[in-house]
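Take any residue in the sequence shown, note its place counting from 1, add 34, and you have its number in my numbering.
Ideal Cβ positions, reconstructed from N, Cα and C, are used throughout, including at glycine.
Let me begin by presenting the structure, written as structure tokens, before commenting on it.
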Amino acid sequence: MSANPSLFTDLLDDNVHTGPVYRRIAEAIATAVATGRLAAGDRLPPHRELARDLGVAVPTVSRGYREAEQQGLISSTVGRGTFVSGIPHLRDTPTPGQSAGAWRLDMAVNAPARSMHENLLRKALTTVSTTVDVGALLGYEPDIGSYEHRQTACRWLARSGLEVDPEQVAICHGGQHALLVALTASLRAGEILLTEALTYPGVKSAAQLLGISVSAVALDAEGLIPEALEEACASGTAPRALYCMPTAHNPTAITVSLQRRQAIVDIARRHDLLIIEDDVFGLLVEDADVTPLAALAPERTLYLTSLSKTLAPGLRCGFLAGPPEMADRLGALIRATIFNPSPLSTAVAMRWLDDGTADRLLDWQREEMARRRAAAAHLLRTHPAVSHVRTAALHAWVELHEPWSASEVVVLADGLGISISPTVYFGAGDQVLPRGVRLCLGNAAEVGTLTAAIRTLLGGLERGPTWASGTRV
Ligand SMILES: Cc1ncc(COP(=O)(O)O)c(C=O)c1O
35 MSANPSLFTD LLDDNVHTGP VYRRIAEAIA TAVATGRLAA GDRLPPHREL
85 ARDLGVAVPT VSRGYREAEQ QGLISSTVGR GTFVSGIPHL RDTPTPGQSA
135 GAWRLDMAVN APARSMHENL LRKALTTVST TVDVGALLGY EPDIGSYEHR
185 QTACRWLARS GLEVDPEQVA ICHGGQHALL VALTASLRAG EILLTEALTY
235 PGVKSAAQLL GISVSAVALD AEGLIPEALE EACASGTAPR ALYCMPTAHN
285 PTAITVSLQR RQAIVDIARR HDLLIIEDDV FGLLVEDADV TPLAALAPER
335 TLYLTSLSKT LAPGLRCGFL AGPPEMADRL GALIRATIFN PSPLSTAVAM
385 RWLDDGTADR LLDWQREEMA RRRAAAAHLL RTHPAVSHVR TAALHAWVEL
435 HEPWSASEVV VLADGLGISI SPTVYFGAGD QVLPRGVRLC LGNAAEVGTL
485 TAAIRTLLGG LERGPTWASG TRV
């Protein structure tokens, strides 16, 4: 069967699509395959014909087809034409029980996008193996990392607006480990940790592991509400610490204003509250004043970040910075939990930070995610089931109109081959949760695959919740 030419007709509408035309062509193909408008074996229009219909140059169409071919969507045979290969190439492997090549996209795990990362890792491994004392990588290192590595870490932290000395910084095994160390250093079992009412699930599990009680502080559209924090501090059992994500909050994507940051810090000072600031997404936010709380209240803030969201989670490289008098305690806790961060992956991470690779990858990630966020927001915002969308860093937070519940949407998405996370996953207290879901935008192999998945999900929503639950009877 030949592809219906209407597949490509709205491509040139700048209100619907952004980016160069060749990309829009590849994206239209990805969407059509994902939504079933194109099936394996369908024939695409010849380059010349499509160029004429769209009023663009033939090389533009050729480039678009080439891009779709690189994604494994189509293949061309000289003399025969261009045909749909079938399923878009997703990075995910099929889950057990699924047929090979089944359409599945993980939008539940919050990971950055990837492009040239694998080649750069190969290069870094070669460089590390030839320029570093390889024998040293087989031994133990100082618990908080070498002084030289901590100097490198300080230069990276300065990009986030945090000026600290190497004596104040510890290298950890990723952000989750930094969080575990920060919690252990701040609280004992039975004590209370305040968190935003919707929070990163990893803090709930780490607190549970340590026997720490979590108590929620309400959020509004601008983030943690200072008055609610004040109230929580003044309540019967005085909390000792606050864990929060003022920049690109997970899951709501809110970035707190400088004024509110200042108010939070003032309250913490008045109530002698320690702050554990999680800034894993900070460097991905460019359009706001994101002065860290740690810069406003260095005497009471443990600041943590990692390279997982900006570069790659597999590096397992996190940084924890705090007041100088806490350094020994942090070292002891790292020793007690992992002895020292892995010298091999730390060496690769430090190489990337020192030789400019990290800057390049960060720039690329920022650009790529800006494109993905814009495409996702454009599709989601106009849908009747969606009441509110906010995007930041690597994710989108989507609130839904009645009658949809977050769990219904998650079940619906799962049936369509898309994993997403409902509000309940992030709820920290007993409060009523918004009807929300988080979509992670980084795992799709490219923006066309992402928009195809979102269109598929929105198509499912159009059929209504009755249809979704009907699939389960
Ligand atoms: C807010 C937040 N903090 C910390 C982490 C842990 O990151 P890492 O991979 O560096 O352990 C995550 C991971 O999803 C996160 O979302």
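Rounded separation between residue i and residue j - CA only
i: arginine 472; j: tryptophan 431; result: 5 Å
i: aspartate 464; j: alanine 250; result: 8 Å
i: alanine 192; j: aspartate 388; result: 14 Å
i: glycine 75; j: valine 118; result: 5 Å
i: proline 266; j: alanine 240; result: Looking at the sequence provided, one finds alanine at residue 266 rather than proline. The straight-line gap from Cα to Cα measures roughly 21 Å.
i: proline 130; j: valine 143; result: Low confidence applies to proline 130: its pLDDT is 41, below 50, so where it sits in the model is not reliable, and the reading given next is rough at best. Approximately 18 Å, taken between the alpha carbons.
i: isoleucine 301; j: arginine 148; result: 40 Å
i: proline 128; j: leucine 475; result: The predicted model places proline 128 with a pLDDT of 40, which falls under 50 and marks its position as unreliable, so this point remains unresolved.
i: threonine 371; j: leucine 428; result: 29 Å
i: leucine 327; j: proline 176; result: 28 Å
i: arginine 184; j: isoleucine 178; result: 8 Å
i: leucine 308; j: alanine 272; result: 12 Å
i: tryptophan 438; j: glycine 257; result: 24 Å
i: glutamate 496; j: arginine 407; result: 22 Å
i: valine 55; j: aspartate 254; result: 40 Å
i: leucine 107; j: alanine 91; result: 22 Å
i: proline 280; j: alanine 158; result: 33 Å
i: cysteine 351; j: valine 248; result: 26 Å
i: alanine 502; j: glycine 494; result: The pLDDT assigned to alanine 502 is 49, lower than 50, so where the model puts this residue is not dependable; a value taken from the coordinates is nonetheless given after this. Approximately 8 Å between the Cα atoms of the pair.
i: threonine 161; j: leucine 41; result: 47 Å
For residue i, the three-state DSSP class (helix, strand or coil)
i: glutamate 230; result: strand
i: proline 128; result: Interpretation of proline 128 is limited by its pLDDT of 40, a score under 50 that renders its predicted location unreliable; no figure is taken from the coordinates.
i: alanine 329; result: helix
i: histidine 305; result: coil
i: valine 423; result: strand
i: serine 109; result: strand
i: threonine 339; result: strand
i: valine 432; result: strand
i: valine 55; result: helix
i: valine 168; result: helix
i: proline 200; result: helix
Continuous beta strand (DSSP E) stretch holding residue i: start and end
i: threonine 116; result: 115-118
i: cysteine 474; result: 470-474
i: isoleucine 488; result: First-last for isoleucine 488: 481-496, but that is the alpha helix (DSSP H), not the beta strand (DSSP E).
i: glycine 352; result: 352-355
i: alanine 275; result: 275-278
Own chain, CB closer than 8 Å to residue i, minus 5 neighbours either side, in chain order
i: serine 441; result: Pro456, Val458
i: arginine 415; result: Val423
i: methionine 403; result: Pro146, Ala147, Leu318, Ala427, Leu428, Leu475, Gly476
i: glycine 115; result: Arg77, Leu78, Pro80
i: alanine 170; result: Pro377
Span of the alpha helix (DSSP H) around residue i
i: glycine 246; result: The residue asked about is misnamed: residue 246 is isoleucine in this sequence, not glycine. Careful: isoleucine 246 lies outside any alpha helix (DSSP H) and carries neither H nor E.
i: valine 215; result: 209-220
i: leucine 395; result: 391-415
i: leucine 378; result: 377-388
i: proline 93; result: 92-104
i: isoleucine 368; result: 361-372
i: glutamate 261; result: 260-268
Neighbourhood of residue i by C-beta, 7 Å cutoff - its chain only, sequence neighbours within 5 removed
i: leucine 491; result: Ala447, Leu450, Ile452
i: threonine 28; result: Lying outside 35 to 507, the shown extent of the chain, residue 28 is not represented and no answer is given.
i: serine 246; result: In the sequence as displayed, the identity of residue 246 is isoleucine instead of serine. Within the same chain, isoleucine 246 has close Cβ partners Leu217, Leu221, Ala223, Glu225, Leu227.
Chain-order list of residues whose beta-carbon lies under 6 Å from that of residue i (same chain, five-residue window excluded)
i: leucine 336; result: Ala216, Ile310, Gly356
Would you check if there are 3 or more beta carbon pairs closer than 8 Å linking the segment 313-325 to the segment 286-296? yes
How do the segment 97-106 and the segment 54-68 stand: do at least 3 beta-carbon pairs fall below 8 Å, yes or no? yes
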